[in-house]
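Residue numbers (the working numbering): 23 to 82.
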Amino acid sequence: MHFVKKYSNLIIILLLILVLILLLIIFTDIHVAKINRAIKQTSVITKVKIPFSNFKTFKQ
């Protein structure tokens, strides 16, 4: 227990740094997921628009 008493402040600071790093990873993952969702929606929209443009060329 002497080790814990001697380095308690250091242990608390290290735990806080670990929590902050984990929060940063979580928020980064959420942000990347939002970007991927937007990219997928954009790709779905372009996939829908392409057949209509091809359909116009077939009408000619």
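Don't be surprised by glycine CBs; every beta carbon is placed ideally from N, CA and C.
- Linking M23 to K62 through their CA atoms gives a straight-line distance of about 54 Å.
- Non-local C-beta neighbours of F49 in its own chain, meaning closer than 6 Å and more than five positions away in sequence, are absent.
- Between the alpha carbons of L45 and F25 lies a distance of about 28 Å.
- Excluding residues up to 5 positions away in sequence, V26 lie with their Cβ nearer than 8 Å to the Cβ of I33 in the same chain.
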